[in-house]
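See below for the structure under consideration.
Numbering (the numbering used here), first residue to last: 1 to 350.
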């Protein structure tokens, strides 16, 4: 009997510790926060925890170098948490980033903030408008990547907000005014969004990725939570992915969360050298055990991947992060076994 070992990974962000959030935004750090930092640091095996707790005991008025050190420790906690969980592929839980959209737009020219909007549940982001052709002049995630790389011996996968999500989550105050003036409104809008998407891919996302690859990054993850929001624009998702990774020698995957993945077909067959699609399934899957299809309806769409000409891997979501329920190992096992039966174990990572 051949044994199969599934590569395991965490997709991107982890909840930020209270002491990290409070110290950066200017809220008082309380003694309970300090003790939480100490307890978790010791539990995770983080070195020099006393250096962190000494800084945190200041409570308020942290200087820039102290905030930088606090963020270093938050990143270390994220790395150690994933390592202690036994994962093969890690990052820092995006502990230095404020929010995925804001992180990308804030480092780019050509955007102006317009206010705070709700993304889902109690989560919000600062929405911006594109007001001129966007671009970046710096490899703004370089220090973040180098810190992670120097503090783990695991495989490192770096997440980036994708160009299509930047388009879909932004107001357009430039392309819609600077394009074709004739034709139906829907066609004009589609043409404007296509130009915005390609520019964002080429001049905002790609330069950051290129710089990290030159620094040694071997695996990048393009995050596109908006990918199937507008099914008619899935071809644009594909085009922006291809533009982003064109001629860059790196393993590239795409993460799409909480979506109707049926909208991806057949367009995903046009993805250029996409190693893996990292997808969420468990939030629509029952909690009963079983590996047969009737027990795993949350994973029904895997059959479409089996029938598709696209032959990349599936990064299989097995944990529902939107509830406090902790999935037992047996349930995770059955979800993996079911997916392996549908696609074959060689196409599954977890």
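Every residue gets a Cβ at the ideal spot worked out from N, C-alpha and C, and that includes glycine.
Q) Among residues of its own chain, excluding the 5 on either side of residue 19, which ones have a beta-carbon nearer than 6 angstroms to its beta-carbon? A) As a first step, residue 19 must be located in the chain shown, where it is residue number 19. Result list for residue 19: 29, 33, 37, 56, in chain order.
Q: Could you please give the first and the last residue of the uninterrupted alpha helix (DSSP H) stretch that includes residue 342?
A: If you number the chain shown from 1, residue 342 lands on position 342. Taken as a continuous stretch (DSSP letters only), the alpha helix (DSSP H) holding residue 342 covers 329-343.
Q) Straight-line CA distance for residue 317 to residue 13? A) Taking the chain shown and counting its residues from 1, the one referred to as residue 317 is at position 317. Taking the chain shown and counting its residues from 1, the one referred to as residue 13 is at position 13. The straight-line gap separating the alpha-carbon atoms of residue 317 and residue 13 is approximately 14 angstroms.
Q.
With H, G and I counted as helix, E and B as strand and the rest as coil, what does DSSP make of residue 209?
A. Locating residue 209 in the chain shown gives position 209, counting from the first residue. The DSSP-derived three-state label of residue 209 is helix.
Q. Straight-line CA distance for residue 27 to residue 308?
A. Taking the chain shown and counting its residues from 1, one reaches residue 27 at position 27. Taking the chain shown and counting its residues from 1, one reaches residue 308 at position 308. Roughly 51 angstroms between the two C-alpha positions.
Q: Identify, in the order they occur along the chain, each residue of the same chain with its Cβ nearer than 6 angstroms to the Cβ of residue 345, setting aside the five sequence neighbours on each side.
A: Counted from its first residue, the chain shown places residue 345 at position 345. Counting only Cβ-Cβ distances below 6 angstroms, and skipping sequence neighbours, we find 4.
**Q.** Other residues of its chain near residue 144: CB distance less than 6 angstroms, five sequence neighbours each side excluded
**A.** Here residue 144 is taken as the residue at index 144 of the chain shown, counted from 1. The beta carbon of residue 144 sits closer than 6 angstroms to those of 96, all from its chain and outside the five residues before and after it, given in chain order.
Q. CB-CB under 6 angstroms to residue 116, same chain, minus the five flanking residues each way: which ones, in chain order?
A. In the chain shown, the residue the question calls residue 116 occupies position 116. The answer, listed in chain order, is 124, 126.
Q: List the DSSP bridge partners of residue 112.
A: Residue 112 sits at position 112 when you count from the first residue of the chain shown. DSSP, once it has assigned bridges, lists 129 as partnering residue 112.
Q | 4-residue-minimum alpha helix (DSSP H) runs that sit fully inside the stretch 241-328, ordered along the chain | A | Taken in chain order, the whole alpha helix (DSSP H) runs of length 4 or more contained in the stretch 241-328 are 302-307.
Q: Can you tell me which of the three DSSP states residue 161 falls into?
A: Counting from 1 along the chain shown, the entry for residue 161 is found at position 161. Looking at residue 161 - three-state DSSP - the assignment turns out to be strand.
Q: Tell me where the beta strand (DSSP E) around residue 219 begins and ends.
A: Within the chain shown, numbered from 1, the residue matching residue 219 stands at position 219. Unbroken beta strand (DSSP E) run through residue 219: 219-223.
(Q) Taking only three categories from DSSP, how would you classify residue 13? (A) Within the chain shown, the letter at position 13 stands for residue 13. Three-state result, residue 13: coil.
**Q.** Coarse secondary structure for residue 119, derived from DSSP in three states
**A.** Numbered from its first residue, the chain shown carries residue 119 at position 119. In the three-state DSSP reduction, residue 119 falls in the strand class (E or B).
Q.
Nearest by alpha-carbon distance to residue 135: which of 162, 206, 94 is it?
A. Within the chain shown, residue 135 is the residue found at index 135, counting from 1. Ranked by how close their Cα comes to the Cα of residue 135, the residues 162, 206, 94 have 206 in first place.
Q: Check residue 47 in the structure and name its three-state DSSP category.
A: For the purposes of this step, residue 47 is identified with residue 47 of the chain shown, where counting begins at 1. In this structure, residue 47 counts as coil in the three-state DSSP scheme.
**Q.** Alpha carbon of residue 283 to alpha carbon of residue 258, nearest angstrom
**A.** Translated into positions along the chain shown, residue 283 becomes position 283. Translated into positions along the chain shown, residue 258 becomes position 258. When rounded, the distance between both Cα atoms is 8 angstroms.
**Q.** Residues that DSSP places opposite residue 401 in a beta bridge
**A.** Since the displayed the chain opens at 1 and closes at 350, residue 401 lies outside it and no answer follows.
Q) Quick one: what's got a C-beta closer than 7 angstroms to residue 279's C-beta in the same chain, skipping five residues either side? A) The residue labelled residue 279 in the question sits at position 279 within the chain shown. Here the set comprises 256, 261, 314, 315, 317.
Q) Where does residue 321 land, buried or exposed, given buried means 16+ other C-beta within 10 angstroms? A) Translated into the one-based positions of the chain shown, residue 321 becomes position 321. Looking at its Cβ environment, which holds fewer than 16 other Cβ atoms inside 10 Å, residue 321 is exposed.
Q. Taking the alpha-carbon positions, what's the residue 156 to residue 41 distance?
A. As a first step, residue 156 is located in the chain shown; it is residue number 156 there, counting from the start. As a first step, residue 41 is located in the chain shown; it is residue number 41 there, counting from the start. Cα to Cα, residue 156 sits roughly 22 angstroms from residue 41.
**Q.** residue 190 - containing alpha helix (DSSP H), residue span
**A.** Residue mapping note: residue 190 aligns to position 190 of the chain shown, counting from 1. For residue 190, the uninterrupted alpha helix (DSSP H) run begins and ends at 185-200, by DSSP.
Q.
If I follow the unbroken alpha helix (DSSP H) through residue 77, where does it start and stop?
A. Translated into positions along the chain shown, residue 77 becomes position 77. Annotation: the continuous alpha helix (DSSP H) that includes residue 77 extends over 64-84.
Q.
Could you tell me the alpha carbon to alpha carbon distance between residue 224 and residue 104, rounded to whole angstroms?
A. Indexing the chain shown from 1 puts residue 224 at position 224. Indexing the chain shown from 1 puts residue 104 at position 104. Going by C-alpha positions, residue 224 is about 13 angstroms away from residue 104.
Q. Beta carbon of residue 208, beta carbon of residue 139: below 8 angstroms?
A. Counting from one through the chain shown, the residue named residue 208 turns up at place 208. Counting from one through the chain shown, the residue named residue 139 turns up at place 139. The Cβ-Cβ distance between residue 208 and residue 139 falls below 8 angstroms.
Q: Check the C-beta distance from residue 167 over to residue 196 and give it rounded, since I have them as a contact under 8 angstroms.
A: As a position in the chain shown, residue 167 is number 167, starting the count at 1. As a position in the chain shown, residue 196 is number 196, starting the count at 1. At roughly 5 angstroms, the Cβ-Cβ gap stays under 8 angstroms, so residue 167 and residue 196 are in contact.
Q | Buried/exposed call for residue 170, threshold 16 Cβ in 10 Å | A | Your numbering for residue 170 matches position 170 in the chain shown. Buried.
Q: Over the uninterrupted alpha helix (DSSP H) stretch that includes residue 153, give me the two end residues.
A: Here residue 153 corresponds to residue number 153 of the chain shown, with the count starting at 1. Note, residue 153: premise wrong, no alpha helix (DSSP H); not H, not E.
(Q) Check for me: the alpha helix (DSSP H) holding residue 438 runs from which residue to which? (A) This structure cannot speak to residue 438, because the chain is shown only from 1 to 350.
Q) To the nearest angstrom, how far is it from the Cα of residue 131 to the Cα of residue 175? A) As a position in the chain shown, residue 131 is number 131, starting the count at 1. As a position in the chain shown, residue 175 is number 175, starting the count at 1. Roughly 8 angstroms separates the two Cα atoms.
(Q) Rounded to whole angstroms, what is the Cα-Cα separation between residue 9 and residue 213? (A) On the chain shown, position 9 is the one that residue 9 refers to. On the chain shown, position 213 is the one that residue 213 refers to. Pairing residue 9 with residue 213, the inter-Cα distance amounts to about 20 angstroms.
Q: Leaving out five residues on either side along the sequence, give the residues of the same chain with a beta carbon under 6 angstroms from the beta carbon of residue 221.
A: Numbered from 1 along the chain shown, position 221 holds the residue referred to as residue 221. If we look at residue 221 and ignore the five residues flanking it on each side, its Cβ neighbours are 157, 159, 253, 255.
(Q) For residue 172, list the residues DSSP reports as bridge partners. (A) Start at 1 with the first residue of the chain shown, and residue 172 comes out as number 172. Residue pairing by DSSP places residue 172 opposite 130 in a beta bridge.
Q) Can you tell which of 189, 230, 218 has its C-alpha closest to the C-alpha of residue 248? A) As a first step, residue 248 must be located in the chain shown, where it is residue number 248. Considering only 189, 230, 218, the residue with the shortest C-alpha distance to residue 248 is 218.
Q) Quick one: is residue 15 buried, meaning 16 or more other Cβ sit within 10 Å of its Cβ, or exposed? A) Taking the chain shown and counting its residues from 1, one reaches residue 15 at position 15. Exposed, by the Cβ-count rule.
Q) Nearest CA to the CA of residue 109: which residue from 341, 46, 203, 151? A) On the chain shown, position 109 is the one that residue 109 refers to. Checked all of 341, 46, 203, 151; the closest Cα to residue 109 is 203.
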